[in-house]
Structure formats: C-alpha cells, structure tokens
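Engineer: In our numbering, the protein residues as written are 103 to 229. Before we start, here is the structure in question, set down as structure tokens.
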Amino acid sequence: MVKSCNNPIQVRYKTEIEEILGRSHYYSGINKYRRWDDGAIKLLFLFLIDRKDAVRLLSTNRGDIKLKLWSEASDMLLSSGHHYSPQECMIKWKNIKKNYKDDMDKSRNNPIQVRYKTEVEKILVRK
Numbered sequence: 103m104v105k106s107c108n109n110p111i112q113v114r115y116k117t118e119i120e121e122i123l124g125r126s127h128y129y130s131g132i133n134k135y136r137r138w139d140d141g142a143i144k145l146l147f148l149f150l151i152d153r154k155d156a157v158r159l160l161s162t163n164r165g166d167i168k169l170k171l172w173s174e175a176s177d178m179l180l181s182s183g184h185h186y187s188p189q190e191c192m193i194k195w196k197n198i199k200k201n202y203k204d205d206m207d208k209s210r211n212n213p214i215q216v217r218y219k220t221e222v223e224k225i226l227v228r229k
C-alpha cells in the first residue's frame, strides 16, 4: 500500500518522480515488471469502451488526445487501487490490440478463441 506524504518536500519529490518516470515506477520500484491482473484489465476495457471515439482517434497521431486519454485511464485505475502509469496503459492497449489482430488473422479458416475479442470489438468496430 502507498504511504501518504504529508511533508511538502516529500510531496513535491513524489510528484516530480511520478512525472518523470510514471506512477508505476514510483509505487513499484524502477524497472520492475508487473503483470496486469484481470480486474485491472476489465477496468481498462470499461474505460476504453466508454471513450471509444477517442480511442479511434489515437491512430491519427493526435498527441493531446493520447496524453489525456492515457492519463485519465491511469488515474481511473489508481482510484480503484491499481497502480499503472499512463505509458503502461497505452502499452497494454497496444499489446491487446496487436494480439487481437494477430489471432484474427490466424483464425480466418479455423475458428479459434480470440482473447478479449468481444471487448476489443466493442471499442474498435463502428456500429
């Protein structure tokens, strides 16, 4: 659990470290890989489904949208007790999307179970 900082100097340094390295590094130690648990992934999907229009704009290389979206995702996860930085959220979505596309390509003639298919399609498919 994260200890709260009441000392203004500690708060300032904590904030600077978070800005430079991202929240996850401050909370979990630098360069420590952490697996995503199912609860955090489900929350990330709910967040992205709710903001699917912004997610679809990510491919247009709009930096302001990217920064805001992933910062909001990180904040939402943090408020639920999951400590992932905006960069980690972005990388997780990128990997899920890549795995989805790879699995869909592999399954053209053979039906296979594609992980997170329903959730990814709710975000990416226009209806």
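Heads up, the beta-carbon is just placed ideally off N, CA and C, and yes, glycines get one too. All of these numbers come straight from a predicted model, not from anything done at the bench.
Whose C-alpha, out of Arg-137, Arg-153 and Trp-138, is nearest the C-alpha of Leu-226?
Structural biologist: As a working mapping, residue 226 is identified with position 124 in the sequence shown. The option with the nearest alpha carbon to Leu-226 is Arg-153.
Engineer: Below 8 Å between beta carbons: does that hold for Lys-196 and Ile-151?
Structural biologist: If you number the sequence shown from 1, residue 196 lands on position 94. If you number the sequence shown from 1, residue 151 lands on position 49. Not in contact: Lys-196 and Ile-151 (Cβ atoms no closer than 8 Å).
Engineer: Mind checking whether Ala-142 and Leu-179 have CB atoms under 8 Å apart?
Structural biologist: Along the sequence shown, one-based indexing puts residue 142 at 40. Along the sequence shown, one-based indexing puts residue 179 at 77. For Ala-142 and Leu-179, yes; Cβs fall inside 8 Å.
Engineer: What's the gap between the Cα of Arg-217 and the Cα of Gln-189?
Structural biologist: One-based indexing of the sequence shown puts residue 217 at position 115. One-based indexing of the sequence shown puts residue 189 at position 87. So the two alpha carbons sit approximately 22 Å from each other.
Engineer: What are the boundary residues of the alpha helix (DSSP H) that includes Ser-146?
Structural biologist: In the sequence shown, the residue the question calls residue 146 occupies position 44. Reading the sequence as shown, one finds Leu at residue 146 and not Ser. From DSSP, the alpha helix (DSSP H) with Leu-146 extends over 140-152.
Engineer: For Ile-167, which residues of its own chain have a beta-carbon under 6 Å away from its beta-carbon, when the five flanking residues on both sides are left out?
Structural biologist: Translated into the one-based positions of the sequence shown, residue 167 becomes position 65. Once the five neighbours on either side are set aside, the close Cβ partners of Ile-167 are Ala-156 and Leu-159.
Engineer: Taking only the alpha-carbon atoms, compute the straight-line gap between Thr-220 and Glu-174 and give it to the nearest angstrom.
Structural biologist: What you label residue 220 is simply residue 118 of the sequence shown in a count that begins at 1. What you label residue 174 is simply residue 72 of the sequence shown in a count that begins at 1. Taking the straight line joining both Cα atoms gives about 23 Å.
Engineer: On the criterion of 16 or more Cβ atoms from any shown chain inside 10 Å, does Ser-187 qualify as buried, or is it exposed?
Structural biologist: In the sequence shown, the residue the question calls residue 187 occupies position 85. So Ser-187 counts as buried.
Engineer: What residue does the alpha helix (DSSP H) around Tyr-202 start on, and which one ends it?
Structural biologist: Working through the sequence shown from its first residue, we reach residue 202 at position 100. First-last of the alpha helix (DSSP H) with Tyr-202: 188-208.
Engineer: With C-beta atoms as the reference, is His-184 less than 8 Å away from Leu-148?
Structural biologist: Taking the sequence shown and counting its residues from 1, one reaches residue 184 at position 82. Taking the sequence shown and counting its residues from 1, one reaches residue 148 at position 46. Cβ distance not < 8 Å, so His-184 and Leu-148 don't count as in contact.
Engineer: Can you give the beta carbon distance from Ile-198 to Val-222, rounded, assuming they're within the 8 Å contact cut?
Structural biologist: Here residue 198 corresponds to residue number 96 of the sequence shown, with the count starting at 1. Here residue 222 corresponds to residue number 120 of the sequence shown, with the count starting at 1. Contact flag correct, Cβ pair sits at about 7 Å.
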